[in-house]
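Residue numbers (our numbering): 1 to 137. Built from N, CA and C at the ideal position, the CB exists for glycine as well. Quick caveat, the model's predicted, so the values are computed rather than measured. Step one of this worksheet: look at the structure below.
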Amino acid sequence: MAVSLKDITYIKSYRDINIDFRNHPVTKDIFAVKNELSIAQSLRNLVQTRFGERLMQPKIGSKVYEILFEPLDVFSGIELQSRILDTINNFEPRVEVLEVQVGIIEEEDSAVVNVTYRIIGEPEVVTNQFILERPAN
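Take a look at the structure:
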């Protein structure tokens, strides 16, 4: 039985370097993150990158850290939510954002962010959580 091109399913694969820069113990190459982990790492990096920080890509980033220097309350949480959603929609075409939730922890000057999304072409829904903290001087 012959296999036709119609019978072949193509699976998208995403691969990035691990931002921890850990080396493989045998090959000494930098570990790679793949697929879901690659996208989760990308989302966190996009949100935590300020405009102008990326070499040769000054227009990629977000305005999230500007809010972290303001008093954190319900209103700043709503603004964080909006800016995170805009950043992901503008710079991460691999996902469809379903929801962004921001929980403010006033005592610690930080915010817990949950981003729920669907990877384009994949059926499952993924939630990625990370913490935004006011940078120490």
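Inter-residue Cα distance where the pair is residue i and residue j
i      : j      : result
Asp73  : Glu79  : 10 Å
Arg94  : Ala111 : 25 Å
Leu68  : Val125 : 28 Å
Gln57  : Val26  : 34 Å
Lys59  : Leu132 : 21 Å
Gln129 : Asn114 : 4 Å
Ile104 : Pro123 : 31 Å
Thr87  : Glu106 : 24 Å
Pro71  : Ile39  : 30 Å
Arg118 : Pro135 : 30 Å
Val47  : Thr116 : 14 Å
Val127 : Leu85  : As written in the sequence, residue 127 is Thr, which differs from the Val given in the question. Cα to Cα, the separation comes out at about 14 Å.
Phe76  : Asn45  : Here residue 76 turns out to be Ser, not Phe, going by the sequence shown. Taking the straight line joining both Cα atoms gives about 20 Å.
Simplified DSSP state of residue i, which is helix, strand or coil
i      : result
Thr116 : strand
Leu98  : strand
Arg54  : coil
Gly61  : coil
Val26  : coil
Thr87  : helix
Glu66  : helix
Beta-bridge partners of residue i, as assigned by DSSP
i      : result
Arg134 : Looking at the DSSP assignment, Arg134 forms no beta bridge with any residue, so it has no partner.
Val125 : Arg118
Gly103 : Val112
Any non-hydrogen atom of the ligand FAD closer than 6 Å to residue i Cβ
i     : result
Ile88 : Looking for the ligand FAD in the displayed structure turns up nothing, as the structure carries no ligands at all.
Residue burial classification, residue i (beta-carbon count within 10 angstroms, cutoff 16)
i      : result
Gly121 : exposed
Ser62  : buried
Leu98  : exposed
Leu55  : exposed
Glu108 : exposed
Ser42  : buried
Glu92  : buried
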